[in-house]
Amino acid sequence: MPCSALVVTEIVVICTSKGEMPPHAFCMINKNLNKGLVGADIFICYKKSVNRPNLITYKPGILSRYPHQDQDSFPLPMSVPLFCLPMGATLELWPESTSQPDPVFSTFVLTVSDAAQKVYGSAVTFYERVPPDKLTPEQLKKLDPGGQGDVTTFTYNTNKCICLLSRWPFFDTFEKFLIFIYRMSCEGSHSVPIERYISHLLEEVPFPSVQRPRILLQLSPDDRIIFTQPEDLPLPRSGAGFRQLLMNLGSENCLMLLLCVLTEQKLLVHSLRPDVLTAVAEAASMIIFPFKWQCPYIPLCPISLVELLHAPLPFLIGVDSRFFDLSEPPRDVICVDLDTSIITLGESKLNVHLSFLPKKPTRVLKNCLDRLHQKLHLLLQSATTQPSNNTDNSIDNDFLLKRKELIFELEIQEAFLRFMATILRGYRNYLLPIIKAPTVGTTDTNSLFNLKAFTLSRDRSDTKFFGLVVKTQMFIRFIEERSFVSDMDAGLAFFDECTEKMAAAALVGKVKQNGWLQDGEGRLLDLDESHHSERTVFIMPPEPTGLPSNTTYTYQGFNLNPLLFSYKEPKSLLKAATRLSGGGMAPGSPMARRTKHEIKSAQKLAKKYASSPELWAKCLLGTCYSLWFIHLPSFVLMSQTKAPGTLRNAQELLVRIQKAGFTIKDEVCYRVMMQLCGLYSQPVLAVKLLFLMKRSGLQPNAITYGFYNRAVLEATWPSDMHNSSQLLWNKLRNVIMGAALFRQAGRRLAKQRRMSTVTDDGNSLTADVGGDGLSLT
C-alpha cells in the first residue's frame, strides 16, 4: 500500500429506501446492488484518506528564503510555514519498496496589515529521504517502537514545501513554475542553477500592464509560463475559483452555501485537495458581495489552529479532510464536503433551509447556475477528449484558454451579483444621513439606516430571511462602510449602479427567465475590450551570467545555495503589484477624482449623447461645470481666508443651475463641495448641498455619501445652533414663504372656479338662444 497517498480506508453499505444517507466524508457509488424489481435500494459507500505510516510530527519552520531579508513593501509573514504544511512537518517510516508520491499543489491566503491586505501563497509539497545516520536514537525508537525495522527494508522520509508569495493570485502560473524547479532538483545536472530561475522570475520578469498585457516566460524548450494583465474590475481582489465552486457543489448546494454565509453560520469546508479548498472558500466569501465576511476566515487552516472550531461565534474555515481522522467538529458546525458534494447541517437544520431565501431571485439564480453547470460539464468533457495541440499556435492557445476561463468565471460571479443586487434593490432609500450636529449614538446602525422600514419593504414571505440578514455583523459593517469613507467605496458605488440596473430591468420587464437582460447593456460584469491588445513580451530563460564556465549543478534534494542567487533591487512583481494595488483615489485628498468605473460610465454616456446635437450640447455644458468644480480646490487654496464665501458662491451656482432646469449628471461637482465643506468646517453648507442634490434627482453614491457624512461628523458645528439668530430668521422666512405659497395657491384655485362658472353660464346661454339670435322657447 503506498504511503502518504490517497487510498480507500473504509467501506459501508446503506439502504436508501429506509432513509439512510452516506456517512460524512463518504462517497456513494451510484449503482444499486439490488438488481431485482422489488426490494430495498442498496448502495456501497467508501471513504478515501491518506495512508499514514508511523510518523513524528513537528512544527514547520523556514529552511531557506528569498529575498534573504524583509522588504518594506513586502515583509514575510511569520505564519507562512504553518500554512505551507498545514498538517505539520513529519518524519515518516516507509517500506523500501514504496515509491515517492507525486508532489501536491496547495494554495492559501493570509491577511496582513490588520486584515487590510491579502497575501496569496502557492506551494508544492513533496517528500525527501533522510539518511538514518542523521536521526537521533529517540526518533528511531518512536518510528519503530518494536525495534523490528531494518535499514535495508525501511526508509525515512520527511515532507518539504516550496512556496511562492504574491499580492496577486496567479495560482496556475505559479504552480507550473514550482513544479518545474522541483523537477530540476530531481533530474540530473543543469548549466543554470535553480537559484537563478527563482531570482530571474522575481527580479527580471515585468508585471503585466496596459503596454505589455501578456508576458511569456520560456523556462526550457518544453516548459513555459504566462502572465496576463489582471482585469480592472470594481470588485475586491480574491483568489476565488467560481468554476471549482459550481463544479464541486452543484447549483442547489451553492444556494445552500450562499444562505449559510448570508446568515453567518459556522462553516467548515473540507477536501483532500488543498488548492480546490482555498479556491472554493475564497469564492464563498465573494458570492455575498457587497457584504464582506467579518468573522474568523481561514481558507486553509493549519491543524494547530483548529481550536477555532470551538469558538462561540461564526467562522468560515477550510481544513484538510484528514482532520476528521483525528477529531470530530462540534455539532453546531455546518460541514461542506467538496469531495462528495454533501453539506451536513447537523444541529443547524432548524435555522437553515433553502425555503428561507427569497423565492423569485432564488429561482432565477438556480436556473442560471443550472445552465452554467451544464455548460461547464460540457467544456470539461471536450477538454478531456480533445487531443492537445503542440503546434506553433499553442502559445496563442494558452492565452485564449486563459481568456475563456476568465469569461466563464465572470459569468458565474455575475449570477450571484445579480441575486444580491435584486434582494438589496432600493436599500439606498433607507439610508439616514446625518443632518444635525452629531451626538452620542449618531454613528449607530439604527441612526444610519432604517432597519425596520427596509425589512417591511421586502415581500412578506421573505421577512424571516431579511430579519436574519440585518442582524449579521457583515450587514452592520456594510451600512457603516456605505455611510462613511472606506476602502470599499469604489466597489459599493459600482454595486449601487447594479441595483439601479436591476430595478430598471424589473420595472420595464426586461428580465428573462434565466436572469439575463435582453439588451447588450444589461451585463453587470464585462471585460474592457477598449484597451485589449495581443502584444506579448517574450522572455528567455536565465543565462549563467557571473557563474564559472563549464560548470554544472546537481541537487541532492531541494537545497538552495544563497550565493547562487542573482540579487537585485526587486522591480517587477512585488513593486508593480504594490503600485497597482494602491490605485483608485486618495480618500484624504480634497481633489475627489472619479473612480475608474465612473470614468468608463461617463465615456459610455458621452458616446450615447454624441448622436444627438441637443444631448451632446448638454453633455459638453455639464463637462464644463465639472471641470470648474474639479479646479475649485486649487482656487480655494489660493485664498483660504475667503474659503467660506467661495464655497457659498459655488453652492449658489449649483442652485442657479437647478433653477435653470439643467441637471448635472456628474457627482464630482457635489463630491468636491462635500470634501471642501469638511476641510473648512462648513457642515451646514454640506447639508444644504445634500438636499439640493436630491432635489436635482441625484442619489449620492457610496463615495459622495461617505464624504458628506465625514464632513458633517468631523467638522465643527456652529455653537448654539438651536437658538442662533440665523436659524430663527430662517424659520420665520420659511413660515412667510409657506403662507405666501398657500395664499397664491388659493387665489389660483379661486380663479379657476370663477372661470369654470363663467364657462358654464356661457354654455347654458348658448343652449337657450337659436342660431338666428331668437329664443327657441
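Per the numbering used here, the very first residue in the sequence shown carries number 285; after that it's consecutive.
Even glycine gets a Cβ: it sits at the ideal position worked out from N, Cα and C.
No experiment lies behind these values; they were computed from the predicted model shown.
Taking a contact to require three or more Cβ pairs closer than 8 Å, the stretch 820-834 and the stretch 502-513 qualify as touching.
As for any alpha helix (DSSP H) of minimum length 4 sitting wholly inside the stretch 594-677, the runs are 643-669, ordered along the chain. Shown here, residue 361 sits in coil according to DSSP, grouped into three states, outside any helix or strand. Our two residues, residue 850 and residue 344, have alpha carbons roughly 27 Å apart in a direct line.
Distance from the CA atom of residue 950 to the CA atom of residue 976, rounded to whole angstroms, is 14 Å.
Between residue 710 and residue 788, the C-beta spacing is not below 8 Å. Sixteen is the threshold: when 16 or more other Cβ atoms of the shown chains lie within 10 Å of the Cβ of residue 393, as they do, the residue is buried. Taking C-beta atoms as the reference points, residue 692 and residue 521 fail to come closer than 8 Å. Residue 294 is bridged by DSSP to 331. In the three-state DSSP reduction, residue 379 falls in the strand class (E or B).
Where residue 441 is concerned, the enclosing beta strand (DSSP E) starts and stops at 438-450.
For residue 414, the enclosing beta strand (DSSP E) starts and ends at 401-414. DSSP places residue 311 in the strand class (E or B) of the three-state scheme. Under the three-state reduction of DSSP output, residue 952 falls in the helix class. Where residue 425 is concerned, the enclosing alpha helix (DSSP H) starts and stops at 421-427. Secondary structure at residue 579: coil, using DSSP grouped into helix, strand and coil.
Straight-line measurement puts the Cα of residue 886 at about 28 Å from the Cα of residue 932.
With respect to the 8 Å criterion, residue 603 and residue 579 are not classified as neighbours on the basis of their beta carbons. Straight across, the Cα-Cα distance linking residue 353 with residue 941 is about 59 Å. In its chain, beyond the 5 residues on either side, 512 have a beta carbon closer than 6 Å to the beta carbon of residue 686. Taking a cut-off of 8 Å for Cβ pairs, the stretch 440-449 and the stretch 405-412 touch, as three or more such pairs fall below it. Around the beta carbon of residue 548, a 10 Å sphere encloses 16 or more other beta carbons of the protein chains shown; the residue is thus reported as buried. Rounded to the nearest whole angstrom, the CA to CA distance from residue 880 to residue 427 is 60 Å. Excluding the 5 residues flanking it on each side, residue 988 has same chain C-beta neighbours closer than 7 Å at 951, 954, 955, 958, in chain order.
A contact is defined here as three or more CB-CB pairs under 8 Å, and the stretch 640-648 fails this definition with respect to the stretch 555-568.
The alpha-carbon of residue 835 is positioned some 47 Å away from that of residue 665. Taking the CA atoms as reference points, residue 722 sits about 6 Å from residue 997. In the three-state reduction of the DSSP assignment, residue 915 falls in the coil class, being assigned neither a helical nor a strand state. Collapsing the DSSP output to three states places residue 697 in a helix.
Around the C-beta of residue 495, fewer than 16 other C-beta atoms lie within 10 Å, and the residue is accordingly described as exposed. When C-beta atoms of the stretch 602-622 are compared with those of the stretch 560-575, three or more pairs fall below 8 Å, so the two segments count as touching.
Per DSSP, residue 744 lies in no alpha helix (DSSP H) and is assigned neither H nor E. The secondary-structure analysis by DSSP pairs residue 299 across a beta bridge with 326. Two segments are said to touch when three or more pairs of C-beta atoms, one from each, lie closer than 8 Å; by this definition the stretch 362-372 touches the stretch 329-348.
No Cβ-Cβ contact shorter than 8 Å links residue 287 with residue 374. In the three-state reduction of the DSSP assignment, residue 756 falls in the coil class.
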